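S.K.: Okay, here's the structure, questions in a sec.
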Amino acid sequence: MDARLNYFASPTAGKALKHFMSAGKALKDSPLPAATQELVALRVSQINGCAVCIDMHTKEAAAAGESSVRLNLVAAWREATVFTEAERAALELAEEGTRVADMATGVSDEVWARAVKHHDEEQLTALVLLVSFMNAVNRLNIITRQPAGSYEPGQFH
Numbered sequence: 001m002d003a004r005l006n007y008f009a010s011p012t013a014g015k016a017l018k019h020f021m022s023a024g025k026a027l028k029d030s031p032l033p034a035a036t037q038e039l040v041a042l043r044v045s046q047i048n049g050c051a052v053c054i055d056m057h058t059k060e061a062a063a064a065g066e067s068s069v070r071l072n073l074v075a076a077w078r079e080a081t082v083f084t085e086a087e088r089a090a091l092e093l094a095e096e097g098t099r100v101a102d103m104a105t106g107v108s109d110e111v112w113a114r115a116v117k118h119h120d121e122e123q124l125t126a127l128v129l130l131v132s133f134m135n136a137v138n139r140l141n142i143i144t145r146q147p148a149g150s151y152e153p154g155q156f157h
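Pasting the structure below:
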């Protein structure tokens, strides 16, 4: 499969994505735990069907020491016992934040309250920005059919 656009060859994409990806770097350096960040990025990408992001975040999480059991259970996190309550709250917020069109109210007060219970304001800020960032990145990749499978951990960091 070939991508519809080559972002690396486009001067316009190069200028815009340089700034856009710097936001992603700032999120990596946020107080939201790295494991939570990868789990959330993976779950958002699974919901959106972004193969290249699923490839990237699965490999990044594994390279950082995440277990294959936890990575394999992200798609069914509600029934899995391997996630902390804080991770479960983050995954729930990520799902509702990704599926905003499915809910008349967006993220529910109950989901927000569970996230607040387990994350301080800076972590919540990072979590909301990460969910939004991942949804945008997923769309950039899905619209242009970016191929998956060849990502190497650390390739874009």
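The working numbering puts the first residue of the sequence shown at 1, with every later residue one more than the last.
All C-beta atoms, glycine included, are put in the ideal place defined by N, C-alpha and C.
Since the model is a prediction, treat every value here as computed from it, not as a measurement.
1. Are there any heavy atoms of the ligand FAD lying less than 7 Å away from the beta-carbon of GLY24, as far as the coordinates show?
2. For the structure I just gave you, are there three or more beta carbon pairs, one from the region 95-115 and one from the region 59-70, closer than 8 Å?
3. Give me, in chain order, the residues of the same chain whose beta-carbon lies closer than 7 Å to that of THR58; leave out the 5 immediate sequence neighbours on both sides.
4. Can you check whether the CB of ILE54 is closer than 8 Å to the CB of ALA148?
5. If I'm right that LEU163 touches ALA136 with Cβ under 8 Å, what's the distance once you round it to whole angstroms?
6. So what does DSSP say about TYR151, is it helix, strand or coil?
7. DSSP three-state call for GLY65: helix, strand or coil?
8. First and last residue of the alpha helix (DSSP H) that includes ASP109?
9. Check this for me: beta carbons of ALA35 and GLU66, under 8 Å apart or not?
10. Which word fits LEU5, buried or exposed, when buried means at least 16 other C-beta atoms lie within 10 angstroms of its C-beta?
11. Determine whether the beta carbon atoms of GLU122 and SER30 lie at a separation below 8 Å.
12. Could you check where the alpha helix (DSSP H) with GLY24 kicks off and where it finishes?
13. Work out the CA separation of SER150 and PHE133 for me, nearest whole Å.
M.R.: In this structure, then:
1. As far as ligands go, the structure on display features none, and thus does not contain the ligand FAD.
2. no
3. LEU42 and LEU71
4. yes
5. No answer is possible for residue 163: it lies beyond the span of the chain, which begins at 1 and ends at 157.
6. Taken through DSSP and simplified to helix, strand or coil, TYR151 comes out as coil.
7. coil
8. 109-118
9. yes
10. Answer is exposed; the Cβ neighbour count stays below 16.
11. yes
12. 11-28
13. 22 Å
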